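The sequence shown stops at residue 73 when you use my numbering, and every number in between is there. Heads up, the beta-carbon is just placed ideally off N, CA and C, and yes, glycines get one too. What you are looking at is a predicted structure, and each value in this text was computed from that prediction instead of being measured.
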Amino acid sequence: MSHYELDAKNMLCPMPVIKTQDTVKTLSSGDTLTIISTDPGALNDIPAWARINGHEIMDSSEQNGEVLITI
């Protein structure tokens, strides 16, 4: 199991979701990914995408204008 980070800062919808989807395709089962975004919509969009695609949201938060979501 490995942990990865996706820098999706300064990207607007739908790019954080598209980049998340592209990155998840490269991961192995059990790997985790933290997405860092400055798009406030990502706090809703990425968890919705994850649920639809069967991925677990392990953590989500907003800190200093950044959205952090771990799947």
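DSSP lists T72 as the beta-bridge partner residues of D61. D9 sits in a strand when the DSSP states are folded into three classes. Between I54 and I73 a beta carbon distance of about 12 Å is seen, past the 8 Å cut, so the two are scored as non-contacting.
Around S39, the same chain offers A10, P18, V69 as residues with beta carbons nearer than 6 Å, after the five sequence neighbours per side are excluded.
Boundaries of the alpha helix (DSSP H) harbouring T25: 17-26, taken from the DSSP string. In summary, T28 is exposed, with fewer than 16 beta-carbon neighbours lying within 10 Å of its beta-carbon over all protein chains present.
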